[in-house]
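Sequence order for the protein chains is Y and V.
Following our numbering, the numbering of the first sequence begins with 5 at its first residue and continues without gaps.
Following our numbering, the numbering of the second sequence begins with 23 at its first residue and continues without gaps.
Cβ atoms here follow ideal geometry from the backbone N, Cα and C, with glycine treated the same way.
The block underneath contains the structure these notes are about, expressed in structure tokens.
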Amino acid sequence: MPTAIEIFKYLPKKNCGKCNFPTCLAFAMQLANSKAKLADCPFVTDEAKAKLEASSAPPIRLVSIGAGDAKIEIGDETELYRHDKKFFHQTRYAIVISDNADEKEAAAKLKRAADLRFERVGQMLAMDMLGVRNDSGDKAKFAAMVARVAGESALPLVLMSDDAEAIRAAASAAKLSRPLIYAASESNWQTMASAAKELKFPLAVKHSELNGLADLVEKIRASGVEDIVLDLCPSGLQQLVERNTIVRKNAVKKTFRGLGYPIVTNACGSGQAVLMALVSTMKYGGIVLLDDLDPAHAIPLFVLRQNIYTDPQVPIQVKAGLYPINNPGEDSPVLFTTNFSLTYFTVAADIEKSRVPAWLLVVDTEGLSVMTAFSAGKMTAESVAEALRSSGALEKSRREMVIIPGMLSRMSGKLQELAGVKVVVGPRESSGIAKMLRSL
Amino acid sequence: MVEVPIPKEKWSGKIGAVKLGASPAEGGSRQTVEVGGEAGMPFLSYEGLGKRQLLAGEVIDDPSQLTELAARAFGDAVKDPAAWAKRWVDGFHADLVCLKLRSTNPEGMNASPEEAAKTVIAVLKAVSVPIIVYGCGQEEKDAKVMEAVSNACAKERVLLGQAEETAYKTISAAAMSNHHALVAFSNLDINLAKQMNILLADFGVKFDNVVMDPLMAGLGMGLEYSYSVNERIRIAALMGDRMLQAPMLCDITSSWEAREATEENAQWGEAEERGTWWEATTGLAALMSGADVLVVRSPRSMNVLREAIDDLRGGQ
Ligand code: B12
Ligand code: SF4
Chain Y
5 MPTAIEIFKY LPKKNCGKCN FPTCLAFAMQ LANSKAKLAD CPFVTDEAKA
55 KLEASSAPPI RLVSIGAGDA KIEIGDETEL YRHDKKFFHQ TRYAIVISDN
105 ADEKEAAAKL KRAADLRFER VGQMLAMDML GVRNDSGDKA KFAAMVARVA
155 GESALPLVLM SDDAEAIRAA ASAAKLSRPL IYAASESNWQ TMASAAKELK
205 FPLAVKHSEL NGLADLVEKI RASGVEDIVL DLCPSGLQQL VERNTIVRKN
255 AVKKTFRGLG YPIVTNACGS GQAVLMALVS TMKYGGIVLL DDLDPAHAIP
305 LFVLRQNIYT DPQVPIQVKA GLYPINNPGE DSPVLFTTNF SLTYFTVAAD
355 IEKSRVPAWL LVVDTEGLSV MTAFSAGKMT AESVAEALRS SGALEKSRRE
405 MVIIPGMLSR MSGKLQELAG VKVVVGPRES SGIAKMLRSL
Chain V
23 MVEVPIPKEK WSGKIGAVKL GASPAEGGSR QTVEVGGEAG MPFLSYEGLG
73 KRQLLAGEVI DDPSQLTELA ARAFGDAVKD PAAWAKRWVD GFHADLVCLK
123 LRSTNPEGMN ASPEEAAKTV IAVLKAVSVP IIVYGCGQEE KDAKVMEAVS
173 NACAKERVLL GQAEETAYKT ISAAAMSNHH ALVAFSNLDI NLAKQMNILL
223 ADFGVKFDNV VMDPLMAGLG MGLEYSYSVN ERIRIAALMG DRMLQAPMLC
273 DITSSWEARE ATEENAQWGE AEERGTWWEA TTGLAALMSG ADVLVVRSPR
323 SMNVLREAID DLRGGQ
């Protein structure tokens, strides 16, 4: 957002009060704090309006693709490093289906995209998008495949063709919700841009060189397309890192605004597709297009994304309190753990697997793991004893005992004293919990 | 024609280069390599690439705790550190060998410092690359073991691990007396990393002997913390903080301990392939955030990482 002084320059300086503020400067100050709307001044010129809008636009445009629950948003990033604040809109992955694919292949890929779903620390990690590529050169065939994919999956689509007619054919063959058109290039940009404009679909723009790309983007924007995604056409991992960094840094440092758009990387056909997806996830990627994704690669990739896009200020946490697992009763034991979601979900899953009914007390450690919390003094015999009391755990369970994480054996004496119940030191790894519970 | 500027940072600092190994001319018996030397953020050739990032193969002299899936390719060689090291170098082209003397643990096999030193000598004989040597993690024992190791391979310029805030004097003295290099370990915190380097400098350890290890947490096990700590260390060093300008070592072998890495699950793909990529992903995150040396457990993930480094350096 521009400063009050910058905004003031564009105001009519009549000090007439029609905006409900006594002076233009007062109005400018409210605008700068987003407490007023420019439209409240009846006298601003269209030119001033356009200039102000341009200077208050985010450094990287937010582009949304698809609709409904599956809709994705990319761009609108403000940082170069996640520790400076956080990364906002995570990298998205798409599996691409060729319009030459036979029935078996198309069905397999659709199933693959639907099956790539994993729950981890309470979040769902899943495939985000599907692409359809016009390899046949036949627009009817392309349209038919797009219609099929759109009919079977709610995931946002990427329409991959160099032929604007094929894009139009696909759009009229099925009702599509804001798919990404991929891609306008030097040779087809006019027809692609007019198709994107008419259909109101976002448009990817590709060029093998950054300067050429900036030229092309300028022309396409001038023709009226605003939702743009950039393909920087990296030749390998080094160009991927360098070009993505150049584009991101120029945008957020405002050294160059012409490429302030999210990035799509086409890893189809690359022998290093997984590496490209991993590097894109760490280095500013918006969308990565993949031929396919083996679950053995998808899980580490999705977890990397989850890690990188975690807010550095706030570990993923669960609510402190007493959790019943496997329908516990008065004769079921109490175990405790921390409210760091990784710790909680690991332990809860192991208790579930044991099928032994139990009470799991989650102690508030501000989202720290067992040893981290212990070393930081966020999990002490005192705080555990207090949690045992306030949660009512010792009334719900009449076993007169509490099972503690193996790594906290040091606190057992003190805790026994404070809580007045028997302390049983559990295994260090929660994978040992099932065995211990069964032998209790 | 629009000219897109290249936003090259004008860094005032540079990462130091540390030499490992000693050639016959220097009294040693092996190849030498240098690590570090970057003048910019990782893999931005327009800021300056530095030395090639190195891959060290992990060898444990008590492999009882080892993930079987990770070390499958070594077969019976895991029973003999020298044979295992040789496989790493001859079979899988490891740049370095990282020998962990777990056998010295007083609560385990409790091997003596002399026995441990013999193992080191055997590994040195078996390979021609420089080596890294760690103890068992028990401070008092490690001090004795590292003294014995330092003396036993006095001319080889080994990288000795590890100096910690609570235990650095004996190992620093052991490293200095025979001109070995030293790992400065700290716990996921830029201030502690700096503090450790200051302690070493005050003790008299020269900076061109120090490689720092800021603790690389594995994928899904706090990787995001390490990623940001590493980046912050690298940025501070490039901005001119002398006390953070040491090359960075990341041990990524703990990746194999994450349950999702190897748990059998019909929906999760083949476990060995998943574990391989779990470790490789951790390694890639270490490289992208500033690592100069990786300690790796599986030859398959080392292959992935070597290919990645080649390409990230633009084939250099
Ligand atoms: C990521 C991390 C951090 C992150 C925090 C992440 C978080 N949200 O907790 C950050 C960077 C903030 C951090 C900070 C610190 N850390 Co830290 N950190 C780690 C690291 C790398 C991973 C921790 C983790 O996520 N583990 C995974 C979870 C799932 O494990 P867990 O909670 O222990 O749960 C397991 C078991 O305990 C068991 N379990 C859990 N609950 C229960 C319950 C029962 C009944 C049973 C039977 C079992 C059980 O099952 C789980 C799965 O097996 C570890 C080293 C390592 N590789 O383990 C160091 C580590 C825990 N940290 C350590 C330290 C010292 C610190 C600091 C004090 C130092 C510092 N750098 O300033 C600070 C303190 C934090 C603060 N706020 O001041 C030390 C602890 C040393 C010790 N033995 O006391 C460790 C072990 C590193 C080391 N090798 O020295 N840390
Ligand atoms: S309405 Fe416009 S011209 Fe009048 S005071 Fe407000 S800003 Fe100034």
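Residue contact with chain V for Tyr85(Y): present (Cβ-Cβ distance below 8 Å to some residue of chain V). According to DSSP, residue pairing for Ile101(Y) in a beta bridge involves Val136(Y). Under the three-state reduction of DSSP output, Ser276(V) falls in the helix class.
Here Ser311(V) is buried. Its C-beta has 16 or more other C-beta atoms within 10 Å.
Of the other Cβ atoms in all chains shown, 16 or more fall within 10 Å of the Cβ of Met218(V); this residue is therefore buried. Scanning His301(Y), Leu279(Y), Asn270(Y) and Asn104(Y) for the CA closest to the CA of Gly290(Y) turns up Asn270(Y).
Annotation: Val142(V) to Glu301(V) spans about 26 Å, alpha carbon to alpha carbon. In the structure shown, the three-state DSSP call for Ala206(V) is strand.
Our two residues, Arg179(V) and Thr298(V), have alpha carbons roughly 31 Å apart in a direct line. Residue side-chain check: Asn19(Y) places its Cβ nearer than 7 Å to a non-hydrogen atom of ligand 2. In the three-state scheme derived from DSSP, where H, G and I count as helix and E and B as strand, Ser86(V) is classed as helix. According to DSSP, residue pairing for Gly79(V) in a beta bridge involves Val119(V) and Val318(V). For Glu433(Y), same chain residues with a beta-carbon under 8 Å away, outside a window of 5 residues either side, are Gly410 in chain order.
In the DSSP assignment, Ala362(Y) forms a beta bridge with Ile329(Y). Of all residues in the region 277-309 of chain Y, the ones placed with a Cβ closer than 9 Å to any Cβ belonging to chain V are Val278, Leu279, Leu282, Val283, Met286, Lys287, Asp298, Pro299, Ala300, His301, Ala302, Ile303, Pro304, Leu305, Val307 and Leu308, in chain order.
Sorting Thr188(V), Asp211(V) and Gly183(V) by C-alpha distance to the C-alpha of His202(V) places Gly183(V) at the top. Beta-bridge annotation (DSSP): Thr304(V) is not paired with any residue. If you draw a straight line from the Cα of Ser336(Y) to the Cα of Leu326(Y), it is about 13 Å long. Residue-level contact by beta carbon holds for Gly336(V) and chain Y, with a gap shorter than 8 Å. When secondary structure is reduced to three states using DSSP, Thr285(Y) falls in the helix class. Its chain contains Phe91 and Gln94 as the residues whose beta carbon lies nearer than 6 Å to that of Tyr313(Y), once the 5 sequence neighbours on both sides are disregarded; these appear in chain order. Relative to ligand 2, Leu15(Y) has its C-beta within less than 7 Å of a heavy atom. Taking C-beta atoms as the reference points, Met440(Y) and Val425(Y) fail to come closer than 8 Å. Annotation: Leu398(Y) is outside any beta strand (DSSP E); the continuous alpha helix (DSSP H) that includes it extends over Ala397 to Lys400. Straight-line measurement puts the Cα of Val338(Y) at about 9 Å from the Cα of Lys400(Y). Chain V places no beta carbon closer than 8 Å to that of Ala208(Y), leaving this residue out of the contacts. By the neighbour-count criterion, in which a residue is buried when 16 or more other Cβ atoms sit within 10 angstroms of its Cβ, Lys210(Y) is buried.
Close to chain Y, meaning a Cβ-Cβ distance shorter than 9 Å, are the following residues of the region 244-264 of chain V: Gly244, Leu245, Glu246, Tyr247, Tyr249, Ser250, Val251, Glu253, Arg254 and Ile257. Within chain Y, no residue has its beta carbon less than 9 Å from that of Leu237(V); the closest one is some 12 Å off. Annotation for Pro6(Y) indicates a beta carbon at 7 Å or more from all heavy atoms of ligand 2. No Cβ-Cβ contact shorter than 8 Å links Gly59(V) with Lys41(V). The C-beta of Arg281(V) comes closer than 8 Å to at least one C-beta of chain Y.
The criterion of a C-beta distance shorter than 8 Å is not satisfied by Leu398(Y) and Lys382(Y).
Shown in chain order are the members of the region 306-321 of chain V whose Cβ falls below 7 Å from a Cβ of chain Y: Leu306, Ala307 and Met310. Neighbours of Phe207(V) in chain Y, taken as residues at a C-beta separation under 9 Å, are lacking, since the least C-beta distance is about 15 Å. In the structure shown, Phe229(V) falls within a helical segment according to DSSP collapsed to helix, strand and coil.
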